[in-house]
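Residue numbers (my numbering): 25 to 520. For reference, the structure is listed below as structure tokens.
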Amino acid sequence: MARHTTFRFCLDPTVEQKVALARHVGAARFAYNQCLRLHLDAREHLRALIRRGAGSDAVDQARAGVPWSRFSLINALNRWKRSEDAGRRFLVTAGGVAAVEVTGLAWRGEISAEVLEEGAVDVGRGLAAWTESSSGKRTGPRVGHPRFKKKTHTHGSFRMRNRTKENWSSIRVGTGDRPRSVTLPRIGSIRVQEDTRRLRRMIATSRARILQATVTRGVRRWWISITVEAADLHPVIQHPARDSDDATGWVGVDRGLHALVVAGTRDGTETLRVQAPKTLATGLRRQRRLARAVSRKKRGSTNRRKAAARLARHHARVRDTRQHFLHQVSNQLVKTHDRLVLEDLNITGIMSNRRLARAVGDAAWGELARQITYKQQWRSGRVVVADRWFASSKTCSSCGQIKPDLTLKDRTYACDTCGLVRDRDLNAAANLAAWAENHTPAVVDGAGRGEARVGDRQAAGPDINACRRDGTGPHTRVSETSPDDAGTPVQTAPAA
Ligand SMILES: [Zn+2]
25 MARHTTFRFC
35 LDPTVEQKVA
45 LARHVGAARF
55 AYNQCLRLHL
65 DAREHLRALI
75 RRGAGSDAVD
85 QARAGVPWSR
95 FSLINALNRW
105 KRSEDAGRRF
115 LVTAGGVAAV
125 EVTGLAWRGE
135 ISAEVLEEGA
145 VDVGRGLAAW
155 TESSSGKRTG
165 PRVGHPRFKK
175 KTHTHGSFRM
185 RNRTKENWSS
195 IRVGTGDRPR
205 SVTLPRIGSI
215 RVQEDTRRLR
225 RMIATSRARI
235 LQATVTRGVR
245 RWWISITVEA
255 ADLHPVIQHP
265 ARDSDDATGW
275 VGVDRGLHAL
285 VVAGTRDGTE
295 TLRVQAPKTL
305 ATGLRRQRRL
315 ARAVSRKKRG
325 STNRRKAAAR
335 LARHHARVRD
345 TRQHFLHQVS
355 NQLVKTHDRL
365 VLEDLNITGI
375 MSNRRLARAV
385 GDAAWGELAR
395 QITYKQQWRS
405 GRVVVADRWF
415 ASSKTCSSCG
425 QIKPDLTLKD
435 RTYACDTCGL
445 VRDRDLNAAA
455 NLAAWAENHT
465 PAVVDGAGRG
475 EARVGDRQAA
485 GPDINACRRD
495 GTGPHTRVSE
505 TSPDDAGTPV
515 QTAPAA
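Structure, rendered in structure tokens:
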């Protein structure tokens with residue numbers, strides 16, 4: 025059990041269940057905001073004491089009382105929700121005598137306590153990221169202070185951890201007569217639209233253990249992402265180990281200007297060429313048109329809301345199409361190659377032109393690199409990233425001559441020294457493969473089981489830290505599962 029992966033299903037809730045789901049989303053936001061409020065109030069209290077010149081004992085006590093960690097935040101929230109601050113009722117007797125009854129948070133019994141606690145977890149995580157970033161302990165872009173979440177009716181999510189007791193677990197997938205369902209505490213059994221057979225089978229044979237579930241309000245539908253700890257992939261579909269002194273077999277993956285990826289070996293043999301789907305290019309035109317339609321409508325009008333919804337649906341569709349496509353490409357790459365070399369994202373970013381299409385391509389490239397990395401790790405393959413200053417495009421893959429005047433328009437690489445004529449992207453892929461053979465140690469560990477080594481820029485997407493959980497093994501982003509990750513055949517949807 026060393027692999028974390030996520031199964032995502034589309035929910036089909038009843039009207040009552042939709043209300044319950046929306047209430048849980050609201051409760052998750054409320055808990056998050058309340059934890060942040062409790063934290064900020066405690067800090068403000070501490071500052072006030074220092075300003076007033078209070079005794080050191082009082083200051084120390086107040087300092088210790090500021091909840092920073094997830095545990096202290098959970099405790100603070102639990103104390104608060106039972107207190108007078110969270111709710112009280114005035115009882116007036118016939119004689120006109122008023123008495124205050126402390127009730128605490130009135131609706132706390134209707135919501136799973138898990139959901140409230142996860143709000144505290146998120147605040148704790150956000151505060152830790154902020155302090156570590158401010159003190160320089162954390163690398164990467166600067167992380168700001170956690171902010172309050174706004175009320176919304178169009179998106180949002182909540183999360184529940186799975187609780188287990190012997191043969192029972194709080195989150196269940198498919199019960200006897202309803203295989204296409206997910207059971208959540210306090211909400212009950214919700215119908216899902218996809219077949220859950222693979223996940224059920226994995227759970228039944230102890231090859232998967234549910235860790236948590238996240239319910240997300242999508243543009244048109246509700247989704248559930250079930251994160252599981254899964255057994256390693258079957259040895260048959262893992263890449264065989266190579267000899268310890270074997271430095272060959274690397275395949276370079278170039279992000280082309282026309283094709284999304286071109287993979288090639290050192291000697292210039294093309295192993296894979298994938299064109300980006302046309303829908304993504306046409307999607308951009310549609311996006312501009314829909315965005316213009318929104319801006320033309322009067323603010324606050326019903327028509328503007330409708331136009332905004334149309335634009336949001338379009339964005340969701342493009343995102344889904346791209347994600348599905350990237351999963352297919354990354355699967356194709358890791359299934360047929362055990363050693364892959366990627367170019368550094370940053371250098372291509374510098375070279376890229378300003379066209380919007382390239383911006384879309386850049387985002388896709390980062391995501392593709394991330395998927396390749398964890399999928400290759402699952403299959404005991406290896407991924408390396410070429411040196412960021414390595415000129416993979418401008419170097420001749422045959423004689424090594426560098427051609428500084430190569431422009432983005434040149435589709436083929438024609439070498440002036442040795443006379444090589446090769447497709448531009450394939451030339452770059454061959455260079456990457458050669459780079460890896462010259463620069464990478466043949467073995468990563470004694471067993472020859474390679475670990476993926478990918479630079480932070482590729483591996484760390486914009487929000488990868490936000491959903492990373494404690495544990496071992498590679499982590500995948502919530503809301504993703506590719507049906508053929510584990511090598512089982514893709515299930516086709518039933519006709520009905
Ligand atoms: Zn040459």
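We put the CB at the ideal spot given by N, CA and C, even for glycine. A quick note: this is a predicted structure, and the numbers were derived from the prediction, not measured.
Query, Result
"Just curious, the alpha helix (DSSP H) that THR156 is in, first and last residue?", "Per the sequence shown, the amino acid found at residue 156 is Glu instead of Thr. Counting along the chain, the alpha helix (DSSP H) containing GLU156 begins and ends at 137-158."
"Can you round the beta-carbon distance between GLY273 and ARG266 to whole angstroms, since I take them to be within the 8 Å contact cut?", "7 Å"
"Using only the alpha-carbon positions, how far apart do LYS427 and ARG412 sit?", "18 Å"
"Measure the alpha-carbon distance for VAL409 versus ARG446 and round it to whole angstroms.", "23 Å"
"Evaluate ILE374 with the Cβ neighbour count: other Cβ atoms within 10 Å of its Cβ, from every protein chain shown; 16 or more gives buried, anything less gives exposed.", "Its pLDDT being 44, under 50, ILE374 is placed unreliably in this model, and the value from its coordinates should be taken loosely. Counting Cβ neighbours within 10 Å, ILE374 comes out exposed, since fewer than 16 surround it."
"With a CB to CB cut of under 6 Å and the five nearest residues on each side skipped, what residues in its chain are close to LEU129?", "LYS105, ALA110 and GLY111"
"Skipping 5 residues on each side, what residues in its chain have a beta carbon closer than 8 Å to that of ARG202?", "SER213 and ARG215"
"Spell out a yes or no on whether the stretch 151-163 and the stretch 214-229 are touching, meaning 3 or more CB-CB pairs, one atom from each, closer than 8 Å.", "no"
"Touch check for the stretch 137-153 and the stretch 43-57: three-plus C-beta pairs under 8 Å?", "yes"
"Cβ atoms of ASN57 and LYS173: under 7 Å apart, would you say?", "yes"
"Mind checking who LYS189 pairs with in its DSSP beta bridge?", "TRP192"
"Name, in chain order, the residues that DSSP records as bridge partners for PHE182.", "VAL239"
"Let me confirm a value: PHE182 is counted as buried when at least 16 other C-beta atoms fall within 10 Å, else exposed. Which label applies?", "buried"
"Out of LEU151, GLY168 and ILE234, state which residue places its alpha-carbon closest to the alpha-carbon of ASN191.", "ILE234"
"Let me know if GLY288 comes out buried or exposed under the rule of 16 or more other beta-carbons within 10 Å of its beta-carbon.", "buried"
"Give me the Cα-Cα distance between PHE33 and ILE248, rounded to the nearest whole angstrom.", "5 Å"
"DSSP state of HIS28, grouped into three classes?", "strand"
"For the structure I just gave you, are there three or more beta carbon pairs, one from the stretch 224-233 and one from the stretch 246-261, closer than 8 Å?", "yes"
"Please classify ILE211: does DSSP put it in a helix, a strand, or coil?", "coil"
"Does at least one heavy atom of ligand 1 sit under 6 Å from the Cβ of LEU35?", "no"
"In angstroms, rounded to a whole number, what distance separates the CA positions of VAL206 and GLY180?", "19 Å"
"Does DSSP classify ASP447 as helix, strand or coil?", "strand"
"Count the other CB atoms, across all protein chains shown, that sit within 10 Å of the CB of LEU135; report buried if there are 16 or more and exposed otherwise.", "In the sequence under discussion, the amino acid at residue 135 is Ile, which differs from the Leu named in the question. ILE135 comes out buried."
"Going by DSSP, which residues form a beta bridge with ARG202?", "THR199"
"Taking the Cβ atom as the reference point for each residue, do LEU73 and ALA66 lie within a distance shorter than 7 Å?", "no"
"Have a look at HIS69, ARG103, LEU101 and ARG75 and flag the residue whose alpha-carbon is nearest the alpha-carbon of ALA88.", "HIS69"
"Does the Cβ-Cβ distance between GLY150 and LEU97 come in under 7 Å?", "no"
"Looking at the unbroken beta strand (DSSP E) that takes in LEU257, where does it start and where does it end?", "No beta strand (DSSP E) contains LEU257, which DSSP labels as neither H nor E."
"CA-CA distance, LYS322 and ALA332?", "12 Å"
"Cα-Cα, which of LEU60, ALA305, ARG334 and LEU62 is closest to LEU314?", "ARG334"
"Exposed or buried, what is THR238 when buried is set at 16 or more other beta-carbons lying within 10 Å of its beta-carbon?", "buried"
"Checking 7 Å against the spacing of the C-beta atoms, do ILE211 and ALA44 come in under that value?", "yes"
"Is the beta carbon of LEU350 sitting closer than 7 Å to the one on ILE396?", "no"
"With a threshold of 6 Å, establish whether the CB of LEU444 neighbours any heavy atom of ligand 1.", "yes"
"If we ignore side chains and look at the alpha-carbon of each, how far apart do ALA388 and SER354 end up?", "11 Å"
"At a cut-off of 6 Å, would you count SER416 as near ligand 1, judging by its Cβ distance to the nearest heavy atom?", "no"
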